[in-house]
Structures are given as structure tokens and as C-alpha cells.
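Remarks on the structure that follows.
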Amino acid sequence: MGSRSRGPRQRRQAAHARCRTGRRSGRGRARGGWFGIAHDVRRRRQVARHQPLSRVVITGTKGKSTTTAVAGHLLERLGHRCFVGGNIGRVPYAEGIDERDYEFWVLEVSSYQATDLAVSPRVVAVTSLHPDHLPWHGGDVQTYYRDKLSAATQPGAEWTIASAATETLRAHATLLGPHIRWVPDERSPALDWADELGLLGVHNRVNAEIARACIEQLGVDEARDGDALRGAARGFVPLPSRITHIGAVRGVEFVDDSLSTNVLPTLAAVDAFAGRRIALIVGGEDRGIDYEPLAADLATRRDPLLVLTMPDSGARIAATIGTRSPVRECVDLADAVRQAYEWARPDGVVLLSPAAPSFGRFHDYRDRAEAFASARQDLAAQA
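Position 350, counted from 1, in the sequence shown is what my numbering calls 448; the numbers after and before it change by one each time, with no gaps.
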């Protein structure tokens, strides 16, 4: 894989990102570009010709980190030496990393990083597609979609594994490269092996199948064997703040989904607790997200539901919901947790799934998650 010299648009966007937050200029960039490959055209073409079928890039609006982690876990448990990194952690091709130490490379790529790629591996996976990070992409959703999916059309890319459940992906199939495999498909084994991963929600079963399809496309025969997959899946540790149980207070469950920064994952989190009484806490940095899909979906649900909103986007979310669902505006996260707990008793779920970034009120999603856990602990101390 290679990275290209930035054109005017990319340089302008990166500068805007640095000025806004100091965080959005492309995390984990190695010398010579994010993947540490020289910029010259000759080198990029050489990489494209000799790119081995041992690497996969995983992207998507949401689900890419979990899918990357699952693919890496399966490969390692199946006996293969695997590098897992990119946006999820370690920098690929950085100094001190010897390619000969690994059989496979599983790399997560954000929309910011995707615009730097000039060469892709043969296998690219896309977990989902939904409007996000629009300010960074010039405020235009179609630009975001093109940037997010650009890895699938770079030199070297041959196969794109994509979620069949995502209508937006199907509508943008022309951006997914020469060959697309929609999963799950007829080649997919029964998904009961994914139960061993300990992940909640239908969307995570799809993520697991995308991970499995990736390693199958890499040529790992065990990826077609349900028994081998069940054994390999055991011991997986879910990533934090992704529909994570953090404890209960007098029968009320508290679930941390702080990483949810837009509508898509929040609806998936609510789906994971179908049939339960849910106090849903939403709101955060106002990035201009359209909350009508959230309001419309929640209005169709028959299970008891209370929406509690937090600043800065909370007032706008409450106004969008209107009278379609019960909603309360709260002054901050601690206030929302207190009200959610009282309403959810005796056996409901308090679900923090903000559908908004954390910045402004919190340092990052981890800081927001810690504040949520602290509020739960305060309630437990008083119980």
C-alpha cells in the first residue's frame, strides 16, 4: 500500500482539521505517508504489481474497529502471525516493524486516512456507510462517501467485501471497485459461531461475517469451517464503549456505547435490547447530523422508551423528536443518568449511545465513558 501527495483539497481539509481540534489530521501517520511508503509513482506501481494477497484494509462509517479486531483475533487463534493496526492501533510499516514477522496484515482505515492511499491491497472491506465527519469532507455527504470508499478503487484493489444489509452501500456500488462480494451470502457458513465472540446486536453478527469473509478471501481454509471458527472465536475481548455492560444498580443495567457518534450505531444499539425498557441517552458535539432518521425510527418502536438528551446537540435532537417519542432535555450527562435510572427501574436498561461526538464537553469518547461509569457508581453508592 502507498500514500499519495496531498492535493489542494486534502491539504485544505487537513489544515482545517488541525485548526478545529488538533486531532483530525490523520491519526497514526508514519514517515513518508500514513503507510510509510515513498510517494514516487514508480514505487507505487511496483508495490501494486507485487502486492501479496496477505493484507486487507477494513473501513466503514461504523463497525470497522470491531471487524478489524475480530479478523485479527480469528487469524491469530487459527495459528497465523497477524499484524493488526492502522486506525485501531499500531502504525503499519513504521520503523522497527519487520514485514517478515507477519503472515497477514489487517488494517483499519478511517475516511481521513483513505484519502492518503494511492495503492490498496487486493482485499478491501466496508462495514457500513452513513453520513459522518462532514465538516472534514467539505460539508458534502457525497464527498464523504467517495473519500470513505476510495480504497476500493485504488490501484491494487480487486475484491471489496461489503455489508449486504447496508442500503447506502448498495446505492453506491459503483464506488466499490471491480468485484464486490456482498455478505452474508450463499458461501457464508451458519453464523452461530459468532456467538462465541460475546458481541451484542445483529449488526455485530454482520461485522463478524465480514471479518470471516476477509480471512477467507486471504486464503485461510479454516474460515469455511464452522467448528474451527467457533474455537477461534473464543477468548475474544470486545472493544470498550461499544455496547459494553458496565454493571447494574438494583436490577437496572448500564450499557456504555459512548463510541456511537451518529445515528446508525445508536439505532443498532437500541436494536440489541429489543423487548427491554430502554432509557436512551443521546447528544454531544453538534456536528450538524440529521437526526430525523433517529426520530422516525424510534417513533416506530413499541417497547417502553425514554430519550434523554444532553448538550450541545440535545435541544436540536429533542426538537426533531417532538411528540413522537417521550423525551427529556437534561443539563448534562450526570443529570441524564440520574433521570434515566429512576425511569428505568426496576429492570430496564440505561443506554449511553449518544449519536454525537464527545468533543467540547469531554476530551474524547473514553472521557465520556468514564463520566458515565462514575455516575453509575454514584447511584450504586446511594442505593
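Ideal Cβ positions, reconstructed from N, Cα and C, are used throughout, including at glycine.
(message) Please state the DSSP three-state secondary structure of Asp354.
(response) Looking at Asp354 - three-state DSSP - the assignment turns out to be strand.
(request) Mark Glu314 as exposed unless 16 or more other C-beta atoms lie within 10 angstroms of its C-beta, in which case mark it buried. (result) buried
(request) Let me know if Phe470 comes out buried or exposed under the rule of 16 or more other beta-carbons within 10 Å of its beta-carbon. (result) buried
(message) Which runs of the alpha helix (DSSP H) at least 4 residues long sit entirely within the stretch 418–470? Give them in chain order.
(response) 431–442
(request) Using 10 angstroms around the beta-carbon of Ser472, count the other beta-carbons present and answer buried if the total reaches 16, otherwise exposed. (result) exposed
(request) Please report the Cβ distance between Lys162 and Glu206, rounded to the nearest whole angstrom; I am assuming they are in contact, meaning their Cβ atoms lie under 8 Å. (result) 5 Å
(request) Give me the Cα-Cα distance between Thr251 and Leu274, rounded to the nearest whole angstrom. (result) 7 Å
(request) Consult DSSP for Gly120 and reduce its assignment to one of helix, strand or coil. (result) Any reading at Gly120 must be qualified, since the residue scores a pLDDT of 35, below 50, and its modelled position is unreliable; the value itself is stated next. Coil, per DSSP.
(request) Could you pull the start and end residues of the alpha helix (DSSP H) that Arg279 belongs to? (result) Per DSSP, Arg279 belongs to no alpha helix (DSSP H); it is in the beta strand (DSSP E), His277 to Val281.
(request) Taking Ala454 as the reference, give the member of Val435, Arg285, Trp291 and Met408 with the closest Cα. (result) Met408
(request) Can you have a look at Arg340 and say buried or exposed, based on whether 16 or more other CB atoms are within 10 angstroms of its CB? (result) Under this definition Arg340 is a buried residue.
(request) Report yes or no: do the stretch 441–461 and the stretch 373–387 share at least 3 C-beta pairs separated by less than 8 Å? (result) Touching, per the Cβ criterion.
(message) Tell me the rounded alpha-carbon separation between Tyr439 and Trp257.
(response) Rounded to the nearest whole angstrom, the CA to CA distance from Tyr439 to Trp257 is 47 Å.
(message) Could you tell me the alpha carbon to alpha carbon distance between Asp465 and Ala432, rounded to whole angstroms?
(response) 13 Å
(request) Could you tell me if Thr213 is buried or exposed, where buried requires 16 or more neighbouring beta carbons within 10 angstroms of its beta carbon? (result) buried
(message) So within the stretch 230–263, which uninterrupted beta strand (DSSP E) runs reach at least 3 residues, ignoring any that extend past its ends?
(response) 257–261
(request) Go ahead and label Asp495 buried or exposed: buried means 16 or more other beta carbons lie within 10 angstroms of its beta carbon, across all protein chains shown. (result) No statement about residue 495 is possible, as the shown extent of the chain runs from 99 to 481 and does not include it.
(message) Output needed for Phe371: all residues of its chain with C-beta closer than 6 Å, excluding positions within five of it in sequence on either side, in chain order.
(response) Val447
(request) Give me the Cβ distance between Val350 and Ala442, rounded to the nearest whole Å; I'm assuming they're in contact under 8 Å. (result) 5 Å
(request) Label Thr164 either buried or exposed according to how many other C-beta atoms from any shown protein chain fall within 10 Å of its C-beta, with 16 as the threshold for buried. (result) buried
(request) Go ahead and label His343 buried or exposed: buried means 16 or more other beta carbons lie within 10 angstroms of its beta carbon, across all protein chains shown. (result) When all chains shown are included, His343 counts as exposed.
(request) Could you tell me which residues DSSP pairs with Ile376 in its beta bridges? (result) Looking at the DSSP assignment, Ile376 forms a beta bridge with Leu403 and Val447.
(message) Using a 10 Å radius around the Cβ and a threshold of 16 neighbouring Cβ atoms, would you call Gly254 buried or exposed?
(response) Gly254 is buried by the Cβ-count criterion.
(message) Among Glu174, Val154, Ile259 and Ala167, whose alpha-carbon lies nearest the alpha-carbon of Glu320?
(response) Glu174
(request) Count the other CB atoms, across all protein chains shown, that sit within 10 Å of the CB of Arg310; report buried if there are 16 or more and exposed otherwise. (result) Buried, because 16 or more other Cβ atoms sit within 10 Å of the Cβ of Arg310.
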